[in-house]
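Inspection log for the structure reproduced underneath, given as structure tokens.
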Amino acid sequence: VLNRRCVEAAVMTGLALNCSINKKSLFDRKHYFYADLPAGYQITQQRVPIAVNGSLSYSLCIDSKMSQMVTKTVRIKQIQLEQDSGKSLHDDTRSQTLVDLNRAGVGLMEVVMEPDMCCGEEAAAAVRELQLILQTLGSSQAVMAEGQLRVDANVSVHHPGEPYGVRTEVKNINSIRFLAKAIDYEIQRQIEELENGGTILNETRAFDSKLGCTVPMRDKEGKQDYRFMPEPNLPPLILYDAKSLPANMNHQQVINIDWIHERLPDLPSVKRKKLVEQYGILPEHSFTLLNEDGLAEFFESVLKQTQMKPKRVIGWILKDLLSYLKQHSLPVKDSPVSSFLLADLLNLLEKKEISSTAAKQVLAELWKGEGKTPLEIVKEQKLELLQDQKELEQICQAVIDGQENEVIMMVLG
Amino acid sequence: QKVSVEVLEHLEHLALVDFRDLEGVERLQKAIQFADQLQEVSTDGVEPMDSVLEDRCLYLREDDVTEGNCTKELLENAREKVEEYFVAPPGNIPLPKLEERETFLQGS
Chain A
1 VLNRRCVEAA VMTGLALNCS INKKSLFDRK HYFYADLPAG YQITQQRVPI
51 AVNGSLSYSL CIDSKMSQMV TKTVRIKQIQ LEQDSGKSLH DDTRSQTLVD
101 LNRAGVGLME VVMEPDMCCG EEAAAAVREL QLILQTLGSS QAVMAEGQLR
151 VDANVSVHHP GEPYGVRTEV KNINSIRFLA KAIDYEIQRQ IEELENGGTI
201 LNETRAFDSK LGCTVPMRDK EGKQDYRFMP EPNLPPLILY DAKSLPANMN
251 HQQVINIDWI HERLPDLPSV KRKKLVEQYG ILPEHSFTLL NEDGLAEFFE
301 SVLKQTQMKP KRVIGWILKD LLSYLKQHSL PVKDSPVSSF LLADLLNLLE
351 KKEISSTAAK QVLAELWKGE GKTPLEIVKE QKLELLQDQK ELEQICQAVI
401 DGQENEVIMM VLG
Chain B
1 QKVSVEVLEH LEHLALVDFR DLEGVERLQK AIQFADQLQE VSTDGVEPMD
51 SVLEDRCLYL REDDVTEGNC TKELLENARE KVEEYFVAPP GNIPLPKLEE
101 RETFLQGS
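Each protein sequence line maps, in turn, to chains A and B.
Take the first sequence: its letters are residues 1 to 413, numbered as in UniProt numbering.
Take the second sequence: its letters are residues 1 to 108, numbered as in UniProt numbering.
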């Protein structure tokens, strides 16, 4: 039986990736033998998937200082709904495989991309953007480490102008960082193999994160014949839009594409544009804000509580706060400095009651999370800026008096 | 036509059937001949049918949890278990190649 939420998630994702949604899609059985597939087949949508022909735009920094970004696009071939298999843990020492069937049968959405990317960095940026989109839509939490988002990379090399080379599929990639490494390693391996006169086998390889290389995978050698056949238990999946909506059907049984389209939340690219337009920050800043979970909300929360201009606030958020968070490997939600405290501090700075350097000192103190307010810390450490002109003159005079010799040297030139 | 040894071996490898003897292979050939009769019908301009359920509605189920927590019953059937995992051999044990097997096909 098909779960409604899966279909909705697939349609949302298809719309977010500019795909054409197939109003009629079909389910098939893909047969193969493996310990984690107890039924001996997997239900998938090989012939007519739910969405086709979309695109995903992502941005890359072309220099390491993150000041220049280019936008690239990768075409989405299709999105299909399918079943998950179980999970296998290979125990080579005892020559056995442990199988966990808890996730078997759970719905999966497979996004197939065209080979438009040319290196690990591009793939990593594209997958990161896809991850943000999925999280924004609520289709998935897309955490790779927990297997919520799995990426298999298909890599091939060819000389410009020549047809595509033989591809290998690389599996067992557990993070975006490893994705870039695995792809770059595989590209290098294939180039070296071909330059030494060898050939590339159309095989499946596993990425070994400890050694940083890919190795051939057991059991996936040779061509498989999956004996695709239509799934007899699932009739075609019909989706409707405002025009084709049937009048007398049970509301719960109908999926209206237009209804879903209207309710799509702002995608990351739209959110970034809004941040740039509303607050006058740089595009690179909007990227960093959205890249850290909760940082954009923190930024806006601080802005609400302070008079300081966004362009100044962003510096404090991205340079000071973020570097503290990174140093201590903390997510934004665990920050010992709340948006309230930071706004308080920035207000003192804005009203010129303390200097910029003093503010940094206060922030360091706030970071310890001892519950003191910025004002208390300022008083404790006597960081107040002296506003009184007379007092300033007296201090300067005292310094000059104390350093008479130096002063005479300075005046003489 | 006759089915070649390569095709037979491929089938044995994929579907893990064993044709046993000549009678088994002949049965296969007869089955193929029987199915070939389908080719006699002209299907020009006719949309292929997926299943007899084509016109039915695909039921969409709500996201409600109705059963679960039956670990003990599920694991009861397993011959070998390790900490609630099923134990399986290290991978698919592939059928040995034609030359290495004792099969009737060798003789053909």
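Glycine included, each C-beta is placed from N, C-alpha and C at the ideal position.
Legend entry - Local Cβ density within 10 Å of Lys30(A), reported as buried at 16 or more and exposed below that: Indexing the first sequence from 1 puts residue 30(A) at position 30. It is buried - the Cβ of Lys30(A) has at least 16 other Cβ atoms within 10 Å.
Inset, instruction - Take the Cβ of Gly14(A) as the centre, count every other Cβ of all protein chains shown within 10 Å, and call the residue buried at 16 or more, exposed below. - result: Indexing the first sequence from 1 puts residue 14(A) at position 14. The residue is buried, with at least 16 neighbouring Cβ atoms inside 10 Å.
Legend entry - Same chain only: Cβ atoms within 7 Å of Gly212(A), ignoring 5 sequence neighbours per side: To locate residue 212(A), count along the first sequence from 1; it is residue 212. Excluding positions up to five away in sequence, the list reads Lys181 and Tyr185.
Inset, instruction - Using a Cβ-Cβ cut-off of 8 Å, state whether Ser42(B) counts as contacting chain A. - result: The residue given as residue 42(B) occupies position 42 in the second sequence. Taking Cβ atoms only, chain A never reaches closer than 8 Å to Ser42(B), which makes this a no.
Inset, instruction - Taking only the alpha-carbon atoms, compute the straight-line gap between Lys319(A) and Lys311(A) and give it to the nearest angstrom. - result: The residue labelled residue 319(A) in the question sits at position 319 within the first sequence. The residue labelled residue 311(A) in the question sits at position 311 within the first sequence. Those two C-alpha atoms are separated by around 12 Å.
Inset, instruction - May I ask you to list, following chain order, the residues of the stretch 95–110 of chain A that have a beta carbon less than 8 Å from some beta carbon of chain B? - result: Ser95, Gln96, Thr97, Leu98, Val99, Asp100 and Leu101
Inset, instruction - Count the other CB atoms, across all protein chains shown, that sit within 10 Å of the CB of Met410(A); report buried if there are 16 or more and exposed otherwise. - result: Reading the first sequence from its first residue, position 410 is the one you call residue 410(A). Exposed, because fewer than 16 other Cβ atoms sit within 10 Å of the Cβ of Met410(A).
Legend entry - Three or more C-beta pairs below 8 Å linking the stretch 332–339 of chain A and the stretch 357–371 of chain A: yes
Legend entry - Beta-carbon proximity list for Gln33(B), same chain, < 8 Å, skipping 5 on both sides: Position 33 of the second sequence, counting from 1, holds the residue named residue 33(B). Answer for Gln33(B): no residue qualifies.
Legend entry - Proximity winner among Gln327(A), Ser329(A) and Leu303(A), relative to Leu345(A) (alpha-carbon distances): Locating residue 345(A) in the first sequence gives position 345, where the first residue counts as 1. It is Leu303(A) whose Cα lies nearest to the Cα of Leu345(A).
Legend entry - Beta-carbon spacing of Arg61(B), Leu234(A) below 8 Å: Numbered from its first residue, the second sequence carries residue 61(B) at position 61. Numbered from its first residue, the first sequence carries residue 234(A) at position 234. In this structure, Leu234(A) does not lie closer than 8 Å to Arg61(B) by Cβ.
Inset, instruction - Inspect the CB distances between the stretch 167–175 of chain A and the stretch 199–214 of chain A and report whether three or more fall short of 8 Å. - result: yes
Inset, instruction - Per DSSP, which residues does Gly14(A) bridge with? Please list them. - result: Walking along the first sequence from the start, residue 14(A) turns up at place 14. DSSP output for Gly14(A) lists no bridge partner at all.
Inset, instruction - Starting from Ala88(B), follow its DSSP beta bridges and name the residues at the other end. - result: For the purposes of this step, residue 88(B) is taken as the residue at position 88 of the second sequence. Thr97(A).
Legend entry - Burial state of Cys119(A), where buried means 16 or more other Cβ atoms lie within 10 Å: Position 119 of the first sequence, counting from 1, holds the residue named residue 119(A). Exposed.
Inset, instruction - Let me know the secondary structure DSSP gives Ile281(A) once reduced to three states. - result: As a position in the first sequence, residue 281(A) is number 281, starting the count at 1. Ile281(A) falls in the coil class under three-state DSSP.
Legend entry - C-beta contact flag for Met144(A) and Ser175(A) at 8 Å: In the first sequence, residue 144(A) corresponds to position 144, counting from 1. In the first sequence, residue 175(A) corresponds to position 175, counting from 1. Yes, Cβ-Cβ distance for Met144(A) and Ser175(A) is below 8 Å.
Legend entry - CB contact check: Glu12(B) to chain A, cutoff 8 Å: Position 12 of the second sequence, counting from 1, holds the residue named residue 12(B). Cβ-Cβ to chain A under 8 Å: no for Glu12(B).
Inset, instruction - Would you mind telling me which residues of chain B sit closer than 9 Å to Gln252(A), beta carbon to beta carbon, in chain order? - result: On the first sequence, residue 252(A) is found 252 positions in, with the first residue counted as 1. What Gln252(A) touches in chain B: Leu60 and Glu62.
Inset, instruction - Would you check if the distance between the CB atom of Leu22(A) and the CB atom of Ile43(A) is smaller than 8 Å? - result: To locate residue 22(A), count along the first sequence from 1; it is residue 22. To locate residue 43(A), count along the first sequence from 1; it is residue 43. Before going further, note that residue 22(A) is Asn rather than Leu in the sequence given. Contact flag unset, no.
Inset, instruction - Output the boundary residues of the alpha helix (DSSP H) element that contains Arg75(A). - result: Mapped onto the first sequence, residue 75(A) falls at position 75. That residue, Arg75(A), is in no alpha helix (DSSP H); its beta strand (DSSP E) goes Met69 to Gln83.
Legend entry - Where Val48(A) sits in the DSSP three-state scheme: In the first sequence, counting from the first residue as 1, residue 48(A) sits at position 48. In this structure, Val48(A) counts as coil in the three-state DSSP scheme.
Legend entry - Under 7 Å from the C-beta of Ala35(A): neighbouring residues of chain B: Within the first sequence, the letter at position 35 stands for residue 35(A). What Ala35(A) touches in chain B: Ala88.
Inset, instruction - Could you please give the first and the last residue of the uninterrupted beta strand (DSSP E) stretch that includes Val151(A)? - result: Against the first sequence, residue 151(A) aligns to sequence position 151. Run containing Val151(A): Val151 to Val155, per the beta strand (DSSP E) assignment.
Legend entry - Neighbour list for Val82(B) in chain A, Cβ cutoff strictly below 7 Å: Taking the first residue of the second sequence as position 1, residue 82(B) is located at position 82. Chain A residues near Val82(B): Leu98.
Legend entry - Local conformation of Asn22(A) per DSSP, three classes: Taking the first sequence and counting its residues from 1, the one referred to as residue 22(A) is at position 22. It is coil, neither helix nor strand.
Inset, instruction - Hey, could you find the ends of the beta strand (DSSP E) Pro216(A) is sitting in? - result: The residue you call residue 216(A) lines up with position 216 of the first sequence. Run containing Pro216(A): Cys213 to Pro216, per the beta strand (DSSP E) assignment.
Inset, instruction - Consider the Cβ of Pro232(A): report whether some Cβ of chain D lies at a distance smaller than 8 Å. - result: Given the protein chain composition of this structure (A and B), no chain D is represented.
Legend entry - When Ala35(A), His285(A) and Lys274(A) are compared against Gly91(B), the one with the closest alpha-carbon: Looking up residue 91(B) in the second sequence gives position 91. It is Ala35(A).
Inset, instruction - Anything in chain A within Cβ reach of Glu54(B), meaning under 8 Å, just list it in chain order. - result: As a position in the second sequence, residue 54(B) is number 54, starting the count at 1. The answer, in chain order, is Pro235 and Pro236.
Legend entry - Distance CB(Glu122(A))-CB(Leu56(A)) smaller than 8 Å: As a position in the first sequence, residue 122(A) is number 122, starting the count at 1. As a position in the first sequence, residue 56(A) is number 56, starting the count at 1. No; because the gap between Cβ atoms is not below 8 Å, this pair is not in contact.
Legend entry - Assigned exposure category for Gly86(A) - 16 Cβ within 10 Å defines buried: The residue you call residue 86(A) lines up with position 86 of the first sequence. Counting Cβ neighbours within 10 Å, Gly86(A) comes out buried, since at least 16 surround it.
Legend entry - Alpha carbon of Lys24(A) to alpha carbon of Val48(A), nearest angstrom: To locate residue 24(A), count along the first sequence from 1; it is residue 24. To locate residue 48(A), count along the first sequence from 1; it is residue 48. The straight-line gap from Cα to Cα measures roughly 8 Å.
Inset, instruction - Specify whether the stretch 73–81 of chain A and the stretch 104–114 of chain A touch according to this definition: at least 3 beta carbon pairs, one from each stretch, less than 8 Å apart. - result: yes
Inset, instruction - Identify whether Thr288(A) lies in helix, strand or coil by the three-state DSSP scheme. - result: The residue labelled residue 288(A) in the question sits at position 288 within the first sequence. The answer is helix: DSSP assigns Thr288(A) an H, G or I state.
Inset, instruction - Return no unless some Cβ of chain A is closer than 8 Å to the Cβ of Gly24(B). - result: Working through the second sequence from its first residue, we reach residue 24(B) at position 24. For Gly24(B), the answer is no, since every Cβ of chain A falls outside 8 Å of its Cβ.
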